[in-house]
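Every number in this note's numbering is 1081 more than the matching position in the sequence shown, counting from 1.
C-beta: ideal position from N, C-alpha, C; glycine also.
Below you'll find the structure, written out as structure tokens, and then a few comments.
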Amino acid sequence: MNRSEPISVSELNAHIKLLVDSDPVLGAVAVRGELSNYKIYPSGHHYFTLKDQDSSLRCVMFRSSASKLRFRPENGMSATAIGRVSVYPRDGAYQLYCDELLPGGAGDLQAAFEQLKAKLEKEGLFDRAHKRPIPRCPERVAVVTSEAGAAVHDIIRVLRKRWPMAKVLLLPVRVQGAEAPPEIAGAIRYAGRHRVADVLIAGRGGGSMEDLWAFNDERVARAIYDCEIPVISAVGHEPDVTIADYVADLRAATPSNAAELAAPDAAELREAIASAGARLYQAVTKQIKSRRTALEDLSSRRVMQSPTGFIDQRRLELDAVRLRLDAAAERRISACRAQYASLAAKLDALSPLKVLGRGYSIAMSGEGRALREARELSTGDKIRLLLSKGEAECTVDSVKGDTDGTEKAAEL
């Protein structure tokens, strides 16, 4: 290129792009920084800025690469972008064309796991209030797992040994790969909608986090939450924990443990029934013995041996009570009679007739009022004299009073 001849902007940008694209270091670079201005366009492309304390770098992740993300990038998140640096000729600006985006401090799978866990926990999918009890003695057990895996054989083996009367219904699905989550979720929804069993076991054998990832899918979690029958999660081994374990009504450490939790041990149940039967027999025998003793005690009593003797005894008691009542009534009547006689004697002693019987008489006014003083009379008044026998009508001829201290007398 001749420096003396001017070139167009497009030519310069194309030349710079050629130089950048030919640099092997910029062709495959991993850049660590903080996500900023993260935007997802309707086209599916992701645009963001990766920055540190002093600088920033524009980045783009096309839809094909963004669809592989296991987590949801957020502003402020530390991340590592892997891709190539190139120039966008139209703007004359360079940017990082990102093929992979990894969260800082943890792998993308772990970050996706924590994000989904936090989201579902906030929505209440893990609440204990939504957990349903596992039926004690199920008649049918549905199993959602791979028909080719060891998990289904372990579940069937344990169920046949512990609870052989239960019918096992296998709903075969893929448990690994991109097709696994929709298949698992669909099988769980089918089992719940049609109530094909009393309890459902969903899971698979052990593996890496990548192998178990289908049970960390949001579609599977929501299918378990919405399932109309109790769900036991049996994914991997004891250390393995998935989102399905948090949502399920019960978590099992392994598929074999899920079978143990889904059904009781028939042998143990028979022993428990036999023990309960023995205790019941002892309790009933003891109760019968107690009742027999009480019956013998009652039958030995006099009232049971001679029913009329009981009536005769009560008759004697009734006669004794009657006698006591009669004596009490007689004493009461005698006391009342004595009291009456005493009161009558007192009244008789105070009777005016007694006075008349001793030779006295009682002067009464014409209105029938007893006369006590001479001043109550006037000459010519008509009075009555009550005598011991009979009475007399008299006229007052004169009255002698004692108002002035002189003797007063009434002359009849």
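Give me the residue from the options with the minimum Cα distance to residue i.
i: Cys1308; options: Ile1282, Arg1274 and Ala1315; result: Arg1274
i: Leu1281; options: Lys1248, Asp1102 and Gly1185; result: Lys1248
i: Gly1287; options: Arg1300, Ala1334 and Gly1114; result: Ala1334
i: Cys1475; options: Leu1458, Ile1464 and Ala1229; result: Ile1464
i: Gly1461; options: Ala1455, Pro1105 and Asp1478; result: Asp1478
i: His1234; options: Leu1190, Leu1466 and Pro1336; result: Pro1336
i: Leu1252; options: Ile1237, Arg1241, Met1246 and Ile1392; result: Ile1237
i: Ala1147; options: Ser1136, Gly1157 and Gly1164; result: Gly1164
i: Ser1124; options: Phe1143, Ser1117 and Val1110; result: Phe1143
i: Ala1473; options: Arg1456, Leu1458, Val1480 and Gly1447; result: Gly1447
i: Ile1324; options: Val1239, Ala1283, Gln1134 and Asp1393; result: Ala1283
Under the DSSP definition of a beta bridge, which residues are partnered with residue i?
i: Leu1331; result: Ile1313
i: Thr1476; result: Lys1463
i: Gln1176; result: Ser1167
i: Ile1443; result: Leu1467
One question on the structure: do residue i and residue j come within less than 9 Å of each other, judged by their Cβ atoms?
i: Val1225; j: Ala1259; result: no
i: Ala1304; j: Ala1232; result: no
i: Asp1298; j: Ala1266; result: yes
i: His1126; j: Val1141; result: yes
i: Met1290; j: Gln1363; result: no
i: Arg1241; j: Gln1196; result: no
i: Tyr1327; j: Lys1198; result: yes
i: Val1239; j: Glu1341; result: yes
i: Leu1428; j: Met1445; result: no
So residue i and residue j are in contact, right, with Cβ under 8 Å, and what is the actual spacing, rounded?
i: Ile1443; j: Ala1430; result: No, Ile1443 and Ala1430 are not in contact; Cβ-Cβ is about 17 Å, not under 8 Å.
i: Leu1177; j: Leu1250; result: Not really, about 52 Å apart at Cβ, beyond 8 Å.
i: Ala1278; j: Ile1310; result: 6 Å
i: Gly1114; j: Leu1138; result: 7 Å
i: Arg1285; j: Val1256; result: 4 Å
i: Val1110; j: Val1168; result: Going by Cβ atoms, the distance from Val1110 to Val1168 rounds to 14 Å, so no, they are not a contact pair.
i: Leu1182; j: Ala1210; result: That pair is no contact at about 37 Å.
i: Val1090; j: Gly1185; result: About 37 Å separates the two Cβ atoms, so there is no contact after all.
For residue i, which of helix, strand or coil comes out of DSSP?
i: His1234; result: helix
i: Lys1489; result: Its pLDDT being 44, under 50, Lys1489 is placed unreliably in this model, and the value from its coordinates should be taken loosely. DSSP places Lys1489 in coil when its eight states are reduced to three.
i: Thr1484; result: Bear in mind that a pLDDT of 44 at Thr1484, under 50, signals an unreliable position, so the model cannot answer this.
i: His1127; result: strand
i: Arg1276; result: coil
i: Met1290; result: coil
i: Ile1546; result: Here the chain has residues from 1082 to 1493 only, and residue 1546 is not among them.
i: Ile1282; result: strand
i: Met1158; result: coil
i: Ile1354; result: helix
i: Lys1198; result: helix
i: Gly1114; result: strand
Answer yes or no: the CB of residue i versus the heavy atoms of the ligand ADP, is any distance below 8 Å?
i: Ala1401; result: With respect to the ligand ADP, the structure shown offers nothing to examine, as it has no ligands at all.
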